[in-house]
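Since the structure comes first, as C-alpha cells, the remarks are kept for the end.
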Amino acid sequence: MFRTALLLALASVGSGCVTDYWSQKADQEVFSILGEKRERVLGLAEVPFDIDTPYSAEDADEIAALRIIRERQASDELRLGLKEALEIGTARSRPYQFQKESLYLAGLELTGVRQDFTPLLQGGSTARLNETYREGQGGADSINRSGSVRSGVEFDLLLKTGGRLAVDLAQDIFRFYLGGRPPGGSTRFLAASLTQPLLRGAGSEVAAENLTQAERNVAYAIRDFSRFQQRFALDIITAFYRILQEKDRVKNEYFNYRSIILFRERAEALSQDRLPRFQVDQARQDELRAKNRYIQAIESYRRRVDDFKIRLGLPLQGELYLRDDVLADLNRIGLLSLRVQTEGGFELATTRRLDLLNEIDRFEDSQRRIRVAANAFQPGLDLFAGLDLDTNLSRSGTRYSNFDADTYRTRVGVDLDLPLDNLDERNAYRRTRIAFERQLRALSLALDQIQNEIRGGLRNLELVRQRYEIQRNAFALAQRRVEAVDLLLEAGRAETRDLLEARNDLLQARNSLTAALIDSHLFRLELLFDLGILDIEPDDFWLKNPNISPKYRKPASKGPVTPSSEEPDFLTPEELFQESE
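Heads up, the final residue of the sequence shown is numbered 580 in numbering that gives the first Met the number 0, and it's a clean run with no missing numbers.
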C-alpha cells in the first residue's frame, strides 16, 4: 500500500514537471520565432516579450473565483502621470494582454505547421501472447503457444517539393515459441519508400502553401500587434487628456461658482439703496445655475476616471488621481506644427502604415492561391520508389539474427491519376478567384480610407489651429470685458445681468481654450497614427514630432507670418463652392 501511494505521488509530481517542461519548450520556440520575425518585418531588434500574468505560475485549480472577486474590490490609492499610466496599461490592460496572446498563438500555430516539414519519429511496442487449443475427450489441450514483442520506429518526412519519405524500422524483431511449431516465412525488418509528385502537387509553391501562409500570418500578427500598441498608447493619451480637461473644467466651474456667490453677496448689500431687488434675484438664479454646472462637471469627471480605471485594468473602488504636469506641459508648449502635404502624406502612409502593408501582402496571398488552385487541374503523376529488407526464417530456426543484409527487394514505378472528375477542383478555383477579386476591392478600399483619414486629419489640424487662436483671443476679450463691466457696475452704469453674462462668457472661453489646446495635440497624434509614423518608444513621445523627409512636407510660407492675434485665413463660400458672386 505504501509503495503504491509513493508511486502515485511521484507520478503526480512528474506530471507537473512534464507540463512545465513542455510549456517552457513552447515558449522558447515561439519567442524565438517572434523575435526573428519582428526584426525582419519591422527592422527592430528583439525586445523582451512574454504572456505571463500574475496567475501564470499558479495551478489553475487553486485559483478560486472568490479570490478574483476580492481582488476587484481593492481600494488602493494611485497618483499617476501619463508615463506611469502607459506602463500600467501595458502591464494590466485586458485588451493588451489579449493581443499579446493572439500574437503568441500565431507563432504557436507556425511551430505546428513547420513540424510537418521536419523529420517525424514515432515508436512503439506491443507485447502479445497467443495460444491455440484443441478440444479432446479430456477437455481442451493447448497445442501451440507463441509470444511476440512487436517494436518499431517510423520515420516520416514531408518534402517541400511535394514528396514524402517514409521509413519503418525493426518490426517483429523478437518472437518466441513455447511448444508447437512456428509459422515459416519472413518478417519485415526495414521498409523505406519515397513518393514524388511530378505534376499535380509538385513544387514548393503548391506543396508548402500551408507553411508559406503560416509564416506570413505571423508577419501579419506582428504588424497588427505593433499597430495595436500605437493605437493603445494613443487611446490612453486621449483618455488621460480628456480627464485633465474635465479636471480643469471642474476647477473653472468651482471658481466661477465662488465668484458668483461673492457677487451675489455684494449685490445683496447694494440692494439696500443702489440695486433693484430683481437684480439680486438674477444673481441668486445664476448662482444656482453655476452650482448645478459644478455638480455636473464633478459627475462627468468621476465617470471618465472610472472608465479610465477599466481601460487600465484597475479595480474601480480604488481612488485614482492624475497629475496636472501634462496639461502644464501643453500650455507651455502651445501648438506643435506638422507640415505635411496631402499627396506626400499618402505616399508616406503607403510605406509606413502596417495595416496597409498587411492588406498588400494579403492581396499577394490571393494571387498565389489562384496559382495553387490551378495546379489541381493537372493529372496526378507520382514517381515512387521503395526498399524492403526482411529477416529469413527457416523451418526449424527461430532466431531473428539469421538474415542476409545483402538480400533486399526494391520497387520503382509511376502512378497516374487522370483528372476525369474536376468538380471539386473547379469550385475551389472559382472560390479563389472570387476571393482574389474581393481582396482587390479590400485593398482599394483601404487605400481610399487611408487617403480620406489623412485628408480629414490635415483639415482637423488646421481647423483646431484656427479654433485655438480664436479661443485665445476670445478668452483675452472676456477677461477685459469682466473687468470693464465690474467697474461700470460699481459706477452704476451697468446692470447685474451684464456682469453675469460677462462672467459666463469668461467661463466658456476658458473651458473652450483648454479644449482647443488638447484637441490640437490629439489631432496631431491621430494624424501621426494615420500616417503610420507615430513612434511610441521615446520618452514623452506625445510632445514630440518625428522627423519627416522634406519630400513629404508642405513647404514653409515665404511671406510674412501672420501674427497669432490676427484672425486666421479662411475660405469664403464662393471660394469653397467655386461659384461666382
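Virtual Cβ for every residue (Gly too), placed ideally from N, Cα, C. If you're wondering where the values come from, they're calculated on a predicted model, not measured in any experiment.
Three-state secondary structure assigned by DSSP to R230: helix
What would DSSP say about Y407, mapped onto helix, strand or coil? coil
Return helix, strand or coil for F254, following the three-state DSSP convention. Reduced to three states, the DSSP call for F254 is helix.
My parser needs the alpha helix (DSSP H) runs of 4 or more residues fully inside the region 350-376; what are they? 353-374
With a threshold of 6 Å on Cβ separation, who are the neighbours of L193 within its own chain once the five nearest residues in sequence on each side are excluded? L164 and A384
State the Cα-Cα distance for the pair Q23 and Q244, rounded to the nearest angstrom. 46 Å
Distance, Cα to Cα, L326 vs A238? Each residue's alpha carbon lies about 13 Å from the other.
Based on the DSSP output, what are the partners of F383 in its beta bridges? The partner list for F383 (beta bridge, DSSP) reads T194 and G412.
In three-state DSSP terms, what is A165? Three-state DSSP puts A165 in a strand.
Please work out which residues of its chain come closer than 6 Å, Cβ to Cβ, to A296, disregarding the five sequence neighbours upstream and downstream, and give them in chain order. R248, V249 and E252
Euclidean distance between Cα positions of E342 and D323: 38 Å
What are the residues that DSSP puts in a beta bridge with Y428? None; Y428 has no bridge partner.
In chain order, what residues of the same chain lie with their CB nearer than 6 Å to the CB of E204, ignoring the 5 residues before and after it? none
Rank T89, L168 and A207 by C-alpha distance to the C-alpha of G162 and give the top, closest one. A207
L388 and F188 closer than 7 Å at C-beta: yes
Does the separation of the CB atoms of G282 and A268 fall below 7 Å? Reading the sequence as shown, one finds Ala at residue 282 and not Gly. It is not a contact, given that the beta carbons lie outside the stated cut-off.
Taking the C-alpha atoms as reference points, what is the distance between A64 and N544? 46 Å
Assuming contact is defined by CB atoms lying nearer than 7 Å, are A73 and G317 in contact in what I supplied? yes
Three or more C-beta pairs below 8 Å linking the region 217-231 and the region 45-59: no
Could you tell me the alpha carbon to alpha carbon distance between T561 and E461, rounded to whole angstroms? A caution first: T561 carries a pLDDT of 44, below 50, which makes its placement in the model unreliable, though a value can still be read off. Rounded to the nearest angstrom, the two C-alpha atoms are 14 Å apart.
Nearest-angstrom Cβ-Cβ length linking L197 and L382, presumed shorter than 8 Å: 6 Å
Outcome for K550 when other beta-carbon atoms lying within 10 angstroms are tallied against a minimum of 16: exposed
Return the chain-ordered ranges of every alpha helix (DSSP H) run that is complete within the region 27-89 and spans a minimum of 4 residues. 64-70
Look at the alpha carbon of E574 and the alpha carbon of D285, and state the distance between them as a whole number of angstroms. 43 Å
Assuming contact is defined by CB atoms lying nearer than 7 Å, are L530 and L347 in contact in what I supplied? yes
Taking three-plus beta-carbon pairs below 8 Å as touching, is the region 484-497 in contact with the region 420-435? In this structure the region 484-497 does not lie against the region 420-435, because fewer than three pairs of beta carbons, one per stretch, are closer than 8 Å.
Assuming S92 contacts L315 (C-beta within less than 8 Å), just tell me the rounded distance between them. In fact, because the Cβ distance is near 15 Å, the residues do not count as touching under 8 Å.
Please state whether DSSP places E204 in a helix, a strand or coil. helix
Residue nearest to V166 in terms of C-alpha spacing, selected from L120, Y103 and R149: The residue with the shortest Cα to Cα distance from V166 is L120.
How many angstroms separate the CA atom of A475 from the CA atom of E38? 52 Å
Are A213 and V371 close, meaning C-beta to C-beta below 7 Å? No, the Cβ-Cβ distance between A213 and V371 is not below 7 Å.
Would you give the residue range spanned by the alpha helix (DSSP H) that L516 belongs to? Run containing L516: T495 to L530, per the alpha helix (DSSP H) assignment.
For E573, report the span of its beta strand (DSSP E) as first-last. Not the beta strand (DSSP E): E573 falls in the alpha helix (DSSP H), residues P572 to F576.
I609: which of L512, D115 and Q577 sits nearest, CA to CA? Coverage of the chain is limited to positions 0 through 580, which leaves residue 609 absent and any answer about it impossible.
Closest residue to T131 among A201, G123 and S145 (Cα-Cα distance): S145
In this structure, does DSSP put G343 in helix, strand or coil? helix
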